[in-house]
C-alpha cells in the first residue's frame, strides 16, 4: 500500500522507527500506527480470546467428563512436525494430571494422512478408547466420524485445515470456522485447547513446541501465530528445560546461549523432527519430545540427526535425477510433472520445492505405489496449484493443500490425462510472463543509509516466515571492490561505512563487480556479532547486470578464451528429445559483441537479456552476451550462435549439444585489432614471475598485488597472459585457486599468443 510521505514521517517519529521500515510495513498491509505497534510489540496479552471457538465449552466439558471417569483417551495425530508437536503438547498436558491417554501417530506409508477406517478399527480393537481427540487432522473425515459414533466412541476434531462443505457431526475446534481469527497451525489449536482446559499458565508451558510447529508448518506469521512464534523463540533461546529438546538442540549446535531464529527452526530443527515421519516412523520424534530419560533422549536425538542426513541425501538424489529427466522434458509446458517408480514419497515435496525455485514453474513429482501414484506439488508466485487441482478433481482420487503446496493421489491409468489437462489449464489461465525469472525485492536502499540502528530496528520484524518474509533489499551500484574469502568460491566487500557485503558462490562475478558495469544487488540484511562487536552484513542473493557496457577488451578476451577448448573425454554428447521452441521458450542466442546484443534486443524485446550467466534455468527465450564457458544449455531446444566465434568453440558446442546448435546470420565481430593493446612477450614473462613468486595462490590476491605494484600491466595484459598459460597447460585454475605446472612449454604453440604476436603483420 502506498502512503504519503507525511503519514510515514509522523508514524516514524511517534514510534521511533526508521521511515524506510515504516514504509515496508505499510506495503505489507500494516497501514496504521496501532497495527504497526501490535505487530512489533504484541505479547501473550494480545492473543485472541479462546471464546472464539464456539464449541470450546462443550469440548472442555466432554474431556473433563472422560477424565473424571478415567476413560481411555487416544490422541490421533499426524506424521509431520506440526502433528507430532501438537500431539506432544496435548499428551503432556493430559498426562500431567494422570489421564489414561495414549498417542497414535499414523505411518506415512501404511496409514496415510488423517483418519482412516482401517487404522480406527485397529485402534478400537486394540486400545478400546472411550474418546478420540484428533490434532492436525480430521476436518474432512465425515464418514470416519460416523463410523466412530456407531462404535460408541466419542470424537473431538481439532484441526487447522480448510473445511469442506460438509462438516463431521461432532465437536470441532478449527480457526477457519470463526471469521477473522488467526489461521493457526495444528499445534496452535492444541495450545488453545490446553488453555481452555487448564488455563493460560499451563498452555504457556508449551510455547517452545508451539513456536517450532508454527514456523515449520508455514502458516502466516501474523496475529496469534506471530505472538506464539516470537514468545516461543524467546523460550528456545534461554535455558531449555524439556529434556528431548535440550539434547536435540545440543546435537544441532543450537544450545544456550545461542539465540534461536526462525531460520534455525526452518532449516535445522523442523527438518530433523520431520525426518522420522518421512523415512521411518514419526513416533520417534514424538518420544523425543515427551521423554524425561536423558539417555534415551540422547540416543533419539542422535538417530534423528543421522536420519535427517539420510533424508538430505535422498532428497538430493531425487532432485538430481529429476534434473536429468528434465533435459528431455518440454519446458514450453508451464508445469513440470515427473513420475519415477522408486522415488521416496516422503521427500518429494522438498525436491519439488527446489525444482520450482530453479525452473520457475509449478512442479508435481510422483512416486508409484502399486496401482496408485502419490504426488507432491509445489508452486510459484502467481500460480495457485490448488485451483489447478480443483479443475482436475475428476481425475484425482484425493488431494488437499493450499495455493503454494499440495499433495494428491492418482490412479496410474489417469497420469497422462492429468499431465495434459494441467498443462492445458496452466497455459490457458496464466500469461507466459508469470514463468519468466524475476528479481523480487521489497524496497530500494542506498548502502550509505545503512547503520547498526537501522539493522536493529529491522530485526524487530522477526520472526520471519509466511506472510512476513525476510525483507529483500535492492541497491544499484557500479564499481564494487571485492576480494575472495580464503580458498572458498565466495566474495566479500567492506564498504566505507563498515557495512560488509557477502557473496556466496559468486567468485565468477569478481571482475564484473569491479568493472563499471551497472548492476543491481539483491540482498538480506543481518547483524553479525563477533567478540561483542556488531556489524551489518548484507548477504547478496542475486546480481543483475542492467546494461551491456562491457569494455571492448573484456569482450575481446572472451573471444580469445574460446580458442581454449577442454574436451571431457568421459562426457558423452547430450542426446535429448527435441521439441520445437516457441515464441516464449526454448531458444538461447549466444552473442559476443555489443552491436549484435543491441540489435537482437531490439528485435526480440520480450526475451531475457543476460550477461555472462543465465539468470534462470527455466529455458525462457534469452539473449546471452559473452556467455561463460561453464554455462550449461541443457534445457534449451535451440542454441543459436552469433558473431562467428572461433571454430574450436562452435565445434565443442556441437559435440555437447548436437544439431540443436545453429549459426546465426548476424556478425559484428571482425578480427580483433591487437594494435589497441600494447601486449608483448615481456608482459607475459612479468605476469608469470608474479604468479610464481606469490605465496598466496588465490587468483584474486595475485591480481590485486600486481595492480598495486606494476601500473604498466593492465587488465587485458593480465587476462591475456592467463589465457595463454591455461591454453599451454602451464597453469590450472580451480575455484579461484591457481596451480603452476613444472613442465616447460613453447609460447609459439599457443594460438592466442600467435594471434597477438602477429598484430603488426
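Numbering (my numbering), first residue to last: 26 to 786.
Beta carbons: idealized from backbone N, C-alpha and C, even for Gly.
Fair warning: this is a prediction, and the values are worked out from it, not measured in the lab.
At a Cβ-Cβ threshold of 8 Å, residue 115 and residue 218 count as neighbours. Distances from the CA of residue 424 to each of 718, 39, 189 and 712 were compared; the closest alpha carbon is that of 189. For residue 765 and residue 305, the gap between their C-alpha atoms comes out near 50 Å. A residue is called buried once 16 or more other Cβ atoms fall within 10 Å of its Cβ, and residue 392 is buried on that count. Using a 10 angstroms sphere on the CB of residue 349, the tally of other CB atoms stays under 16, which defines it as exposed. Three or more pairs of CB atoms, one per stretch, sit closer than 8 Å, so the segment 156-173 contacts the segment 103-121.
In the DSSP assignment, residue 493 forms a beta bridge with 490. Using a Cβ distance threshold of 8 Å, residue 98 and residue 141 do not count as a contacting pair. Residue 291 carries a helical assignment under DSSP once its states are collapsed to helix, strand and coil.
Between residue 117 and residue 315, the beta carbon gap of about 6 Å places them in contact (Cβ cut-off 8 Å). Look at residue 229 here: in three-state DSSP terms it is helix. Counting of Cβ neighbours within 10 angstroms places residue 282 among the exposed residues, the total staying below 16.
Secondary structure at residue 499: strand, using DSSP grouped into helix, strand and coil.
Excluding five sequence positions before and after residue 505, the CB atoms of its chain that fall closer than 6 Å to its own CB belong to 518 and 538, given in chain order.
Per the C-alpha coordinates, the member of 285, 144, 368 and 630 positioned closest to residue 259 is 285. Per DSSP, the continuous alpha helix (DSSP H) segment holding residue 260 begins and ends at 248-261. Membership of residue 329 in the alpha helix (DSSP H) is indicated by the continuous run 319-350.
For residue 626, there is no enclosing beta strand (DSSP E); the residue is part of the alpha helix (DSSP H) that begins and ends at 619-628. Using a Cβ distance threshold of 8 Å, residue 247 and residue 492 count as a contacting pair.
Within the same chain, 573 come within 6 Å of residue 619 by CB-CB distance, once the 5 residues on both sides are set aside.
Each of 462, 710 and 174 was checked against the Cα of residue 770, and the nearest Cα belongs to 710. Annotation for residue 545: the continuous beta strand (DSSP E) segment containing it runs 544-555. Taking the Cα of residue 361 as reference, the smallest distance to any Cα among 451, 71 and 535 is reached at 451. Contact between residue 254 and residue 488 holds, since their C-beta atoms are separated by about 5 Å, short of 8 Å. Nearest Cα to residue 689 within the set 663, 152 and 704: 663. Residue 151 and residue 291 have their C-alpha atoms roughly 37 Å apart. A straight-line Cα-Cα distance of about 34 Å links residue 299 and residue 526.
Residue 332 is classed as buried because its beta carbon has at least 16 other beta carbons within 10 Å across all chains shown. Check the Cα spacing between residue 482 and each of 57, 28 and 66: the tightest is with 66.
Its chain contains 126 as the residues whose beta carbon lies nearer than 7 Å to that of residue 120, once the 5 sequence neighbours on both sides are disregarded; these appear in chain order. Taking the Cα of residue 406 as reference, the smallest distance to any Cα among 371, 455 and 418 is reached at 455.
The DSSP-derived three-state label of residue 244 is coil. For the segment 636-712, the full-length beta strand (DSSP E) segments reaching 3 residues or more read 647-650, 663-666 and 686-688 along the chain. Here residue 541 is exposed: its Cβ has fewer than 16 other Cβ atoms, across all protein chains shown, within 10 Å.
Residue 191 is positioned such that its CB atom lies closer than 8 Å to that of residue 167.
A direct Cα-Cα distance of roughly 32 Å separates residue 570 from residue 715.
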